[in-house]
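To start, the structure itself, in structure tokens.
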């Protein structure tokens, strides 16, 4: 019974992972020279994580 529950749980994780299409996150790039907004509105700098 435990193996059946574990198999169902693992199967549900695989279906959820395929549904994710895009991940959005927000940052505050206000600490030059480590991170800042460049001329083309992209984050540029030394420590962009």
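Residue numbers (the working numbering): 4 to 52. Even glycine gets a Cβ: it sits at the ideal position worked out from N, Cα and C.
Exercise. When you compare each of 11, 45 and 4 to residue 31 by their alpha carbons, which one comes out closest?
Worked result: 45
Exercise. Taking DSSP as the reference, what is the three-state secondary structure of residue 8?
Worked result: helix
Problem set entry | Contacts around residue 40, its chain only, beta-carbon distance under 8 Å, and the 5 residues preceding and following it disregarded | 32, 46 and 47
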